[in-house]
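There are 2 protein chains.
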Amino acid sequence: MRNMSDIIEQYLKQLIQDSGGEVVEIKRAHIAEKFDCVPSQLNYVIKTRFTNEHGYTVESKRGGGGYIRITKVETHSKSEYLAHLKKLIGDGVSEQNANRIIQSMFENEVITIKEAKIINAAVERETLMLELPYRDTLRASILRRVIDVILYSEE
Amino acid sequence: MRNMSDIIEQYLKQLIQDSGGEVVEIKRAHIAEKFDCVPSQLNYVIKTRFTNEHGYTVESKRGGGGYIRITKVETHSKSEYLAHLKKLIGDGVSEQNANRIIQSMFENEVITIKEAKIINAAVERETLMLELPYRDTLRASILRRVIDVILYSEE
DNA sequence: ACCTCTTTTGACCTTCTTTGACTATAATTA
DNA sequence: TAATTATAGTCAAAGAAGGTCAAAAGAGGT
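Chains as they are written, first to last, in our numbering: chain A, 2 to 156; chain B, 2 to 156.
Structure (structure tokens):
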């Protein structure tokens with residue numbers, strides 16, 4: 002791991018695993034102290050690595066006894082999970098969010114690494130050769146169709 | 002060895018060998034300093050000597066903790082077959098021909114049935130939502146990129 | 001010499017990370 | 001209830017990589 006954000010990301014994911022794989026609750030300042038960084042770095046890590054697209058939900062509370070709770074989205078039911086992703090995609094999706102979604106599907110073992118690479122290639126900026134906002138619309142269209150196929154080829 | 006680029010090329014290949022023959026991860030600025038050249042020379046070396054066609058895959062990340070990772074990929078007889086398909090595709094391809102090509106890859110065991118379905122979904126007429134001839138152009142672009150990753154993602 | 005191809009350089013660009021000042025909210029205490 | 005304390009959130013600037021592109025320089029061939 003090369004930078005603080007990556008290290009903290011791994012640490013949090015480990016915490017989630019250690020506590021049954023579903024949820025973890027932290028104190029922002031405590032983690033910041035442990036890794037000797039400013040507290041707001043935790044916000045950065047969460048915003049870039051624990052988004053909905055990544056398959057996480059984050060809740061928090063300020064003030065005394067405050068906390069940040071990261072919950073891993075349930076993927077027990079593949080169909081619900083994939084429907085959820087389709088909703089996130091909607092009518093347009095950035096390359097960044099598309100990457101997150103594809104990565105999430107891989108991590109949740111809905112697709113293989115090779116499938117992930119194929120899908121990624123199909124929705125890359127350079128591949129789509131279109132100007133915004135059409136590019137994001139097209140990317141969304143492709144992703145939604147691909148997710149449908151993944152869904153129906155599971156049974 | 003006559004020039005810097007050749008020297009750096011050899012050096013990187015040596016690094017790959019030394020680390021088990023598969024992959025090497027470098028810091029661009031570090032190598033540039035070691036060989037007393039500008040950082041962008043590394044990009045030149047990589048672009049001219051570590052391309053897909055040469056059998057390498059290159060990934061990189063910017064920002065703090067950035068890196069360039071060069072991975073050696075074994076390419077077998079598949080490469081000619083896939084290059085042939087890419088040629089067939091050219092700058093534009095109909096849905097029908099795309100289907101044939103995808104089918105062919107499946108029959109030749111270059112892709113699985115699920116991968117075939119995914120690729121099909123990505124290049125369907127309804128997915129691409131574009132008028133001819135742009136649709137065929139886009140389909141070709143997607144297919145060519147996908148074939149590239151299929152070719153260079155074999156471990 | 002002249003032309004072409006390759007290499008070398010550097011100015012400028014894009015992306016990702018780190019940091020900190022300022023803000024918002026909840027709990028506790030006076 | 002008001003003030004204080006304890007948390008977390010936001011945002012923008014600074015910092016840290018790597019990427020691009022085109023001009024200049026070098027090497028070979030005719």
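All residues carry an ideal CB built from backbone N, CA and C; glycine is no exception.
| task | Could you check the C-alpha separation between B/E108 and B/G22 for me, to the nearest Å? | result | Against the second sequence, residue 108 of chain B aligns to sequence position 107. Against the second sequence, residue 22 of chain B aligns to sequence position 21. Each residue's Cα considered, the two are about 32 Å apart.
Which one or two residues does DSSP pair with B/S61 in a beta bridge? Looking up residue 61 of chain B in the second sequence gives position 60. Beta-bridge pairing links B/S61 to B/I69.
Check your understanding: Within 8 Å (strictly less), CB to CB, does A/R146 reach chain B?
Key -> Taking the first residue of the first sequence as 1, we reach residue 146 of chain A at position 145. Chain B has a Cβ within less than 8 Å of the Cβ of A/R146.
- Query: Going along the chain, which unbroken runs of the beta strand (DSSP E) with 3 or more residues stay wholly within the region 5-41 of chain B?
  - Reply: 24-27, all fully within the region 5-41 of chain B.
Please list, in chain order, the chain B residues whose beta carbon lies closer than 9 Å to that of A/M106.
For the purposes of this step, residue 106 of chain A is taken as residue 105 along the first sequence, with counting starting at 1. Near A/M106 there are no residues of chain B at all, since even the closest Cβ is about 11 Å away, more than 9 Å.
- Query: Under 9 Å Cβ-Cβ, which residues of chain A neighbour B/D149?
  - Reply: Translated into positions along the second sequence, residue 149 of chain B becomes position 148. Those are A122, listed as they occur along chain A.
| message | Please classify B/T128 as buried or exposed, where buried requires at least 16 neighbouring CB atoms within 10 angstroms. | response | Your numbering for residue 128 of chain B matches position 127 in the second sequence. Label assigned to B/T128: buried.
- Query: How about B/A1 and A/D149: do their beta carbons lie closer than 8 Å?
  - Reply: This structure cannot speak to residue 1 of chain B, because chain B is shown only from 2 to 156.
Can you look up A/A141 in the DSSP assignment and give me helix, strand or coil?
Mapped onto the first sequence, residue 141 of chain A falls at position 140. It is helical.
Practice problem: Mind checking the region 65-82 of chain B against chain A and listing, in chain order, the residues whose C-beta falls within less than 7 Å of any C-beta there? | Solution: Listed by position, the residues of the region 65-82 of chain B near chain A (Cβ gap below 7 Å) are G65, G66, Y68.
8 Å Cβ cutoff, B/I143 in contact with chain A: As a working note, residue 143 of chain B is residue 142 in the second sequence. At least one C-beta of chain A is nearer than 8 Å to the C-beta of B/I143.
Figure out for me which residue from B/L89, B/S154, B/N4 has the closest Cα to the Cα of B/F36. Sequence index remark: in the second sequence, residue 36 of chain B carries index 35 (1-based). Ranking the options by Cα distance to B/F36, first place goes to B/N4.
> What are the boundary residues of the alpha helix (DSSP H) that A/V124 is part of?
Replying inline: In the first sequence, residue 124 of chain A corresponds to position 123, counting from 1. A/V124 -> alpha helix (DSSP H) spans 114-124.
ask   = Beta carbon of A/K28, beta carbon of A/Y68: below 8 Å?
value = If you number the first sequence from 1, residue 28 of chain A lands on position 27. If you number the first sequence from 1, residue 68 of chain A lands on position 67. Yes. Within cutoff.
- Task: Run the CB neighbour count on B/V124, radius 10 Å, all protein chains shown included, and call it buried at 16 or more, exposed below.
- Result: Stepping through the second sequence from its first residue, residue 124 of chain B is reached at position 123. With 16 or more Cβ atoms within 10 Å of its Cβ, B/V124 is classed as buried.
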